[in-house]
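What follows is a short report on a single structure.
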Amino acid sequence: MADSSFDVVSKIDSMEVENAVNQARKEVEQRYDFKGVGADVSLSGESILIKANTEERANAVLDVLQSKFIKRNLSLKALDTGEPYPSGKEYRIESKLKEGIDQATAKKLNKLIRDEAPKGVKSQIQGDELRVSSKSRDDLQATMALLKGADIDVALQFVNYR
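Residue numbers (this note's numbering): 2 to 163.
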C-alpha cells in the first residue's frame, strides 16, 4: 500500500480578512464610545493600520478587530500586531498578516514530529509548507493532533490529506 500524506500550511483567506476589517470599521464608525476620537481601521495589502487619538482607544479598536477575526474563524496567530506608537496627534497600531511557514518554524515542526510523533511518520520541508507521510493513516491523525496541540506562533492548516 502506498504512503498516505498531508501538507501542513499556514494560509489566510484574504476575503475573510477583508470582511473582518470592513466589519470592524463599520462597528467603530457606529459605536458611541468611538465618536469624535478619530478611530479608523484600514487594510492595505498585507498590513492593517489602526488609528485613534489616544493609546487606549487604539487598543479598543484592536480588540474590535480581533473579535471580528475570531467570529470569521481567522486565527489571531496570523496577525502580527505591533505596539501603539504616537504619530502626530494620533496613535497608530500596525499589524502584519503572517502567511506561510518560515524555515525556523518548519525546522521546529520537523523536530517535533521526529521526536514525538509515532515511529513510521516522516516529514520534509517543501518551500513554505511541510509534507508529512506515513503508511498508517492513524499515525497521521495522531500527528495532526500533536501539531494542533503544539505551542507554535503560526496558524496551521492541514491540506491534501490522502
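We put the beta carbon where it would ideally sit given N, CA and C, even for glycine.
- Per DSSP, what kind of secondary structure is residue 82 in: helix, strand or coil? strand
- Message: Is the beta carbon of residue 11 closer than 8 Å to that of residue 157?
- Response: yes
- Message: Here's the rule: buried if 16 or more other CB atoms are within 10 angstroms of the residue's CB, otherwise exposed. What is residue 105?
- Response: exposed
- Task: Using a Cβ-Cβ cut-off of 8 Å, state whether residue 11 counts as contacting chain D.
- Result: Chain labels in this structure do not include chain D; a single protein chain is all it has.
- Query: Which residues in the same chain have their Cβ closer than 7 Å to the Cβ of residue 73, if we skip the five residues on either side of it in sequence?
  - Reply: 17, 20, 21
- Is the stretch 91–104 in contact with the stretch 27–34, if contact means three or more CB pairs nearer than 8 Å? no
- Kindly give me the distance between the Cβ atoms of residue 40 and residue 66, rounded to whole angstroms, as I take these residues to be in contact under 8 Å. Incorrect: roughly 11 Å between the Cβ atoms, too far for contact.
- What is the DSSP secondary structure of residue 162, counted as helix, strand or coil? In the structure shown, residue 162 sits in coil (DSSP, three-state: anything other than H, G, I, E or B).
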